[in-house]
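When we follow the numbering used here, the leftmost residue of the sequence shown carries the number 3, and every step to the right adds one. Yeah, the Cβ is synthetic: ideal placement off N, Cα and C, and Gly gets one too. Everything on this sheet refers to the single structure shown next.
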Amino acid sequence: QLDLLWTRKQNVMYNLFDWPTQKHSKLIILAIANTMDLPERIMMNRVASRLVRPSIRWLFKIWYSSNIVHSSIALLFCGRGCVCVCVCVCLLILAKLFSQLVGNIVAALSGDARRCLDICRRATEICEFSSQKRTPEIVRMAHVTEAIDEMFSSPYINAIRNASLHEQIFLKAILAEFRRAGVEEATVQQVYHQHVVLCRIEGMQSPTISEIMAICSRLGACRLLLVESSNKYLHMRVRLNISQDDVMYALRDE
3 QLDLLWTRKQ NVMYNLFDWP TQKHSKLIIL AIANTMDLPE RIMMNRVASR
53 LVRPSIRWLF KIWYSSNIVH SSIALLFCGR GCVCVCVCVC LLILAKLFSQ
103 LVGNIVAALS GDARRCLDIC RRATEICEFS SQKRTPEIVR MAHVTEAIDE
153 MFSSPYINAI RNASLHEQIF LKAILAEFRR AGVEEATVQQ VYHQHVVLCR
203 IEGMQSPTIS EIMAICSRLG ACRLLLVESS NKYLHMRVRL NISQDDVMYA
253 LRDE
């Protein structure tokens with residue numbers, strides 16, 4: 003599990019991935035991660051340079067192959083307690099949707115492969131609920147679409163879309179700082195430096211320290227951020243209260 007080997011200096015991952023490149027080395031490493039873009043997310047350039055990228059792409063193609071998809075969805079439906087007939091029918095319908103629709107959407111919106119199963123699970127629940135008082139129904143495109151809309155239209159995502167411009171830039175600055183430091187926690191001061199850089203890139207006037215503190219407080223009040231209760235001000239630690247994927251999805255058009 004690759005993301006469990008992460009350390010601040012990333013020496014463990016570097017030494018591990020550098021090992022197969024040494025002369026006469028007979029070590030082959032198969033790394034597993036839940037996100038398709040993990041190297042870009044958390045790895046320093048020197049660590050990412052040790053990876054054999056074609057092999058990684060090939061591994062993810064296997065993950066989305068029909069056999070794995072069929073097995074995953076079958077296990078999912080069995081866990082939901084559906085009758086065998088419904089499992090077989092829904093499996094045939096959803097296997098195609100999973101690979102063609104759900105897989106493509108999740109790849110475009112989120113790097114997390116687990117979202118595919120979440121969408122299929124929710125689509126199954128919607129189908130079951132809608133057919134409780136009627137004859138059994140198979141999972142259709144409308145159910146999958148409704149599940150996708152629910153997953154990517156949460157109140158948090160709507161709050162981000164309706165936030166002010168500098169609040170959105172502040173969230174982008176948090177993502178940039180997390181990516182730079184490799185840790186999903188930062189001080190307000192560190193985020194402020196990233197915020198200033200983004201403002202310069204956009205040709206905007208940077209906010210003052212007091213304005214940044216107000217932005218941080220508003221985002222914390224909306225529960226988009228978890229802000230440390232302290233009088234340290236710029237040294238307060240902040241964390242996202244939602245996933246980075248959701249933030250990137252909400253800000254994708256901004």
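Short Cβ contact (7 Å threshold) for Ala252 with Ile121: No.
Buried versus exposed, by CB contacts within 10 Å (16 or more), Ala183: The residue in question, Ala183, is exposed, as its Cβ has fewer than 16 Cβ neighbours within 10 Å.
Nonlocal neighbours in the same chain, by C-beta distance under 8 Å from Thr189, ignoring five residues either side: Taking C-beta separations shorter than 8 Å and ignoring five residues to either side along the sequence, the partners of Thr189 in its chain run Leu236, His237, Met238, Arg239 and Val240, following chain order.
Per DSSP, cross-strand counterpart(s) of Ala188: Ala188 pairs with Val240.
Cβ neighbour criterion (16 or more within 10 Å) applied to Phe131: Phe131 should be labelled exposed.
Glu179, buried or exposed, once every other Cβ within 10 Å from all chains shown has been counted against 16: It is buried - the Cβ of Glu179 has at least 16 other Cβ atoms within 10 Å.
DSSP-derived helix/strand/coil call for Leu18: Leu18: helix per DSSP, three-state reduction.
Those runs of the beta strand (DSSP E) which lie wholly inside the region 191-252 and span at least 3 residues: Taken in chain order, the complete beta strand (DSSP E) segments of 3 residues or longer contained in the region 191-252 are 227-229 and 239-242.
Exposure of Met45, with buried meaning 16 or more beta-carbon neighbours within 10 Å: With 16 or more Cβ atoms within 10 Å of its Cβ, Met45 is classed as buried.
Proximity of Tyr158 and Ile244 at Cβ, strictly below 7 Å: It is a contact, given that the beta carbons lie within the stated cut-off.
Residue range of the unbroken alpha helix (DSSP H) whose run includes Lys25: Run containing Lys25: none; DSSP gives neither H nor E here.
Alpha-carbon spacing of Ile203 relative to Glu148, whole angstroms: So the alpha carbons of these two residues sit roughly 38 Å apart.
Beta carbon of Leu200 nearer than 7 Å to that of Ala216: No, Cβ-Cβ distance for Leu200 and Ala216 is not below 7 Å.
Val146 beta carbon less than 7 Å from that of Cys129: Not closer than 7 Å, so no.
Other residues of its chain near Glu230: CB distance less than 8 Å, five sequence neighbours each side excluded: These residues qualify, in order along the chain: Met238, Arg239 and Val240.
Reduced DSSP secondary structure (H/G/I, E/B, other) of Ile176: DSSP places Ile176 in helix when its eight states are reduced to three.
Leu7 (DSSP reduced to helix, strand or coil): Helix.
Contacts around Met153, its chain only, beta-carbon distance under 8 Å, and the 5 residues preceding and following it disregarded: Excluding residues within five positions, the ones whose Cβ falls inside 8 Å are Arg117, Asp120, Ile121 and Arg124.
Inter-residue spacing [alpha-carbon to alpha-carbon] between Lys28 and Trp21: Taking the straight line from one Cα to the other gives about 9 Å.
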